[in-house]
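With the numbering used here, letter number 74 in the sequence shown gets 589, and the count goes up by one each step, no holes.
In this text, a Cβ means the ideal position worked out from N, Cα and C, and glycines have one as well.
Working notes, structure below.
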Amino acid sequence: MPARGEGTRVAEPSWDCVHPRPGGIRGDALVLEYVPGETLAERILRGPIPIDVALDIAAQIAVALEAAHEHGVVHRDLKPANIKITPDGIVKLLDFGLAKASAGDTTTSDLSESPTITSIGTQAGMILGTPAYMSPEQARAGQVDKRTDIWAFGCVLYEMLAGQGAFSGQSLSDVLAAVLTREPDWAALPTSTPFLIRRFLRHCLQKERRKRIPDIGVATIEINDALTAGTAEPTAGVVVASPRGWLPWVVAGVMTASTVTLVFFWPRQVDVPRPIRRFEIQPSSSPVYPYQQAVVSPDGTRLVYPSSTPEGRVLLVRRFDELVARHHRQCHFGWSVASLRRRGRA
């Protein structure tokens, strides 16, 4: 019997737990361990699980799934109702292989307690699993492999963190439609959810199986990295740079801030109003040089004009910041003001 063979291989690590044969039973018998504690579904009913606790539970689930996959066993019905947590915090993965569920009330709102859809055999064309945790290939009645369990693992981890299922609906058809066409409500995850875990969940819940994480062993690595890194990760789309990469930017930022501070606090030169000085110039009354007139020097600091003095006709130069004009000794009166301007002396 293949089912018995699969069960034997998975049970090998627990062979140290030997049960005596019950009296009166002949032939083969299946003896299961009694696991005390509550199911993960019962725990989730109390609300979202703290991130560190949820990641610890998920890591233990991943180890159990990895052991099963190494033995060639695909669970195909991983859900919170099939996971138990002992009083000591040990996680037990139950119900390997699809077992027929009792009919019960199929209208329950607790998706993790939904009955398993079963059929005889595992051939393609049969829908197998619990709808809310069913992978798209299961919903299409296609072939399944260990990546089917990885999808369900992502659903379970999402539900532990968000306190609600990744895919829901009012009917079986609605749930299957959500699995096939919709994305989980990523905003429902706690804001403190590590970036590595958010990215990991997206990789687990890829609709196309070939884009999904190929091995559940990756989950253990990602979870350990997230627990080590804590919750101070960047938002989706931001790359963490090495210290050598970000150090120049830090130095540049400090220098920019220092420059701005110096510019802001550097003593500014205050324009002090200068006193206004008024004076009058008596132009020459000689009609001999009618073209001569007062001009301003090219640098705008002096005024040059002709005048009559006891020494004769001279050019006077007066600075605007002085009250007394001076005789321009380097200039002969025969030089007109215009010529001085051309020579650059005025």
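| query | result |
| --- | --- |
| Meets three-Cβ-pair contact criterion under 8 Å: the stretch 595 to 607 and the stretch 545 to 561 | yes |
| CB of threonine 663 within 8 Å of CB of arginine 591, strictly | yes |
| Backbone secondary structure at valine 578 - three-state DSSP | helix |
| Nearest residue (CA-CA) to valine 568, options Lys661, Pro821, Met675 and Gly657 | Met675 |
| Boundaries of the beta strand (DSSP E) in which isoleucine 598 is found, first to last residue | 598 to 600 |
| Assumed close pair phenylalanine 682, valine 694 - CB separation to whole angstroms, cut-off 8 Å | 5 Å |
| Test item: CB-CB of arginine 717 and tryptophan 666 under 8 Å | no |
| Proximity test, Cβ basis, 8 Å: glutamate 674 and chain C | Structure shown: chain C not included; a single protein chain is present. |
| Classification of tyrosine 549 by the beta-carbon crowding that lies within 10 angstroms, buried from 16 upward | exposed |
| Element boundaries [beta strand (DSSP E), containing valine 606] | 606 to 608 |
| Closest by C-alpha distance to proline 552, when choosing among Lys607, Ile712 and Gly657 | Before going on, a small fix: residue 552 reads as glycine here, not proline. When each option's Cα is compared against that of glycine 552, the closest is Lys607. |
| Delimiting residues of the alpha helix (DSSP H) encompassing serine 688 | 687 to 696 |
| Leucine 818, DSSP secondary structure in three states | strand |
| Residue environment, glutamine 653, which counts as buried when at least 16 other CB atoms sit within 10 Å | buried |
| Local Cβ density within 10 Å of serine 650, reported as buried at 16 or more and exposed below that | buried |
| DSSP three-state assignment for threonine 554, whether helix, strand or coil | strand |
| Heavy atom of the ligand MG within 7 Å of valine 578 beta-carbon | As far as ligands go, the structure on display features none, and thus does not contain the ligand MG. |
| Residue environment, threonine 816, which counts as buried when at least 16 other CB atoms sit within 10 Å | exposed |
| Proximity below 8 Å, CB of proline 705 to CB of proline 563 | yes |
| Isoleucine 600 vs isoleucine 572 beta-carbon contact at 8 Å | yes |
| Nearest residue (CA-CA) to alanine 741, options Ala574, Asp543 and Leu545 | Ala574 |
| Residue range of the unbroken alpha helix (DSSP H) whose run includes glycine 732 | 732 to 744 |
| Which of helix, strand or coil DSSP assigns to arginine 828 | strand |
| Coarse secondary structure for leucine 671, derived from DSSP in three states | At residue 671 the sequence reads valine, which differs from the leucine that was named. Note: valine 671 maps to helix in three-state DSSP. |
| Arginine 727 (DSSP reduced to helix, strand or coil) | coil |
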